[in-house]
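Colleague: Residues in the sequence shown are numbered consecutively from 1, following UniProt numbering.
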Amino acid sequence: MKALVYQGPGQKAVVDKDKPTVLKPTDAVVRMTKTTICGTDLHIIKGDVPTVEEGRTLGHEGVGVIEEVGSAVNNFKKGDRVLISCITSCGRCANCKKQLYAHCEDGGWILGHLIDGTQADYVRIPHADNSLYPIPAGEDEEALVMLSDILPTGFEIGVLNGQVAPGCTVAIVGAGPVGMAALLTAQFYSPAHIIMIDMDDNRLEAAKTFGATDLINSARQNAIETVMALTNNRGVDVAIEAVGIPATFDICQEIVTAGGNIANVGVHGTSVDLHIEKLWIKNITLTTGLVNTNTTPMLMKTLESGKVQPEQLITHHFALDEIMAAYEVFGNAAKEKAMKVILSAD
Ligand code: NAD
Ligand code: ZN
Ligand code: ZN
1 MKALVYQGPG
11 QKAVVDKDKP
21 TVLKPTDAVV
31 RMTKTTICGT
41 DLHIIKGDVP
51 TVEEGRTLGH
61 EGVGVIEEVG
71 SAVNNFKKGD
81 RVLISCITSC
91 GRCANCKKQL
101 YAHCEDGGWI
111 LGHLIDGTQA
121 DYVRIPHADN
131 SLYPIPAGED
141 EEALVMLSDI
151 LPTGFEIGVL
161 NGQVAPGCTV
171 AIVGAGPVGM
181 AALLTAQFYS
191 PAHIIMIDMD
201 DNRLEAAKTF
211 GATDLINSAR
221 QNAIETVMAL
231 TNNRGVDVAI
241 EAVGIPATFD
251 ICQEIVTAGG
261 NIANVGVHGT
271 SVDLHIEKLW
281 IKNITLTTGL
291 VNTNTTPMLM
301 KTLESGKVQP
311 EQLITHHFAL
321 DEIMAAYEVF
331 GNAAKEKAMK
341 VILSAD
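Written out as structure tokens, the structure reads:
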């Protein structure tokens, strides 16, 4: 089969690999029908994630059809259509019992990281019963691909951690796929205002169509002063950081109002300045974390009911065997006006 593999810093290639097989009774092998590329894949290719070995098949998102199941898989059989979670979890260990699937003692974020991932014709999924979800008949599979990682990330680490509530004011710094996922799912709770901050006008315009009430281009405007002006100098109840750099974390610390929440979603490659001297006196709660995908069943219901339309994030379509071209577009997201790209095998 064909697979997109990491070949050392700055290098990737499509190579021939053996089709995966069931290695443990709890495994399933899935034939990929749709997958996508995540910003994390770009970080891995840059060489920012040293735990990824050369030759590793990338990708941790997608949907597909069960090809083979191990003897201990109870929930799935050959031919079932499934959504793949970016987190694999046993469902039984102490951390899984707390719904901390990202910290499963025998799983977590391993697909396309510590074991081969989804940017291939087939993928092996450990702990299939707790790491795959059946796809309801008639469901939009492209929309579902957004539920492997992006939508639960924006929802769990941004919206739920930030405690978005009816009537509140939210600011989201970073209008990439993760910030947009927070924007879409924040609207479950009817906040009065959602201020989107980015440096890319295309992304800001898209955010407006997805429900942002105010846009700030921080390349041209002072983000802190503009948020304060928009909020009568009060600041925001919830500041969601969805970039992962010190400057945007700083913005969140400045714009959050008394009693508010900073929900850090961005993955920071460096330390940030924590202005505890300013936060304590404002009674600020700061949260951060790795997505658990424990809200996937709930998000699937909101998708079925039409309450959220994550397919809005899809800007480009490719065949799976055009994956190198898809990386070219996704890697030049600003120039190509790309958000999420879908790679289809059928
Ligand atoms: P992305 O790179 O596609 O989007 C980031 C956005 O931030 C872009 O639109 C960019 O224009 C904007 N931006 C960059 N610098 C800025 C600045 N100084 N001011 C304002 N905007 C700026 O990234 P993404 O895929 O949307 O992911 C966002 C973050 O979430 C990343 O750090 C990613 O690693 C992280 N992430 C976290 C988790 C988790 O479990 N916590 C999971 C997935 C991704
Ligand atoms: Zn991802
Ligand atoms: Zn576990």
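No residue lacks a Cβ here, since even glycine has one placed at the ideal position from N, Cα and C. Computed from a predicted structure; not experimentally measured.
If we ignore side chains and look at the alpha-carbon of each, how far apart do His268 and Arg92 end up?
Modeller: In the sequence shown, counting from the first residue as 1, residue 268 sits at position 268. In the sequence shown, counting from the first residue as 1, residue 92 sits at position 92. One C-alpha to the other measures close to 30 Å.
Colleague: If you compare alpha carbons, which of Thr35, Leu290, His127 and Asn292 is closest to Asn74?
Modeller: By 1-based counting over the sequence shown, the position of residue 74 is 74. If you compare the alpha carbons of Thr35, Leu290, His127 and Asn292 with that of Asn74, the shortest gap goes to His127.
Colleague: According to DSSP, which residues form a beta bridge with Glu241?
Modeller: Sequence index remark: in the sequence shown, residue 241 carries index 241 (1-based). Val173 and Asn264, per the DSSP bridge assignment.
Colleague: Do Ile84 and ligand 1 come close, with the Cβ less than 7 Å from some heavy atom?
Modeller: Indexing the sequence shown from 1 puts residue 84 at position 84. No, the Cβ of Ile84 stays beyond 7 Å of every heavy atom of ligand 1.
Colleague: Just curious, the beta strand (DSSP E) that Met32 is in, first and last residue?
Modeller: Position 32 of the sequence shown, counted from the start, is the residue given in the question as residue 32. Per DSSP, Met32 is one residue of the beta strand (DSSP E) stretching across Ala28 to Thr36.
Colleague: If we count the other Cβ atoms within 10 Å of its Cβ and call it buried at 16 or more, is Asn292 buried or exposed?
Modeller: Reading the sequence shown from its first residue, position 292 is the one you call residue 292. Answer is buried; the Cβ neighbour count reaches 16.
Colleague: Would you list, in sequence order, the uninterrupted beta strand (DSSP E) runs of no fewer than 3 residues that lie entirely inside the segment 130–200?
Modeller: 132–134, 169–173 and 193–198
Colleague: Can you round the beta-carbon distance between Thr21 and Val65 to whole angstroms, since I take them to be within the 8 Å contact cut?
Modeller: The residue you call residue 21 lines up with position 21 of the sequence shown. The residue you call residue 65 lines up with position 65 of the sequence shown. 16 Å between Cβ atoms; not a contact.
Colleague: Which word fits Arg31, buried or exposed, when buried means at least 16 other C-beta atoms lie within 10 angstroms of its C-beta?
Modeller: Residue numbering aside, residue 31 sits at position 31 when the sequence shown is read from its first letter. With 16 or more neighbouring CB atoms inside 10 Å of its own CB, Arg31 falls in the buried class.
Colleague: Going by the CB atoms, is the gap between Leu313 and Met180 shorter than 8 Å?
Modeller: On the sequence shown, position 180 is the one that residue 180 refers to. On the sequence shown, position 313 is the one that residue 313 refers to. Yes, these two residues count as a Cβ contact at 8 Å.
Colleague: Based on Cα-Cα distance, which residue from Ser131, Val227, Gly211 and Gly39 lies nearest to Thr295?
Modeller: In the sequence shown, the residue the question calls residue 295 occupies position 295. Checked all of Ser131, Val227, Gly211 and Gly39; the closest Cα to Thr295 is Ser131.
Colleague: Closer than 7 Å to a non-hydrogen atom of ligand 2 - does that hold for the CB of His113?
Modeller: The residue labelled residue 113 in the question sits at position 113 within the sequence shown. Not under cutoff, so the answer is no.
Colleague: Let me have the residue list for ligand 2: C-beta closer than 5 Å to any non-hydrogen atom, ordered along the chain.
Modeller: Result: Cys38, Thr40 and Asp149.
Colleague: May I ask which residues mark the beginning and end of the beta strand (DSSP E) holding Asn217?
Modeller: Reading the sequence shown from its first residue, position 217 is the one you call residue 217. Per DSSP, the continuous beta strand (DSSP E) segment holding Asn217 begins and ends at Asp214 to Asn217.
Colleague: Let me check one thing: in DSSP terms, what residues is Ser344 bridge-paired to?
Modeller: Taking the sequence shown and counting its residues from 1, the one referred to as residue 344 is at position 344. Note: Ser344 sits in a beta bridge opposite Lys34 and Ala319.
Colleague: Can you grab the Cα-Cα spacing for the pair Asp80 / Ala334, in whole Å?
Modeller: Numbered from 1 along the sequence shown, position 80 holds the residue referred to as residue 80. Numbered from 1 along the sequence shown, position 334 holds the residue referred to as residue 334. Annotation: Asp80 to Ala334 spans about 37 Å, alpha carbon to alpha carbon.
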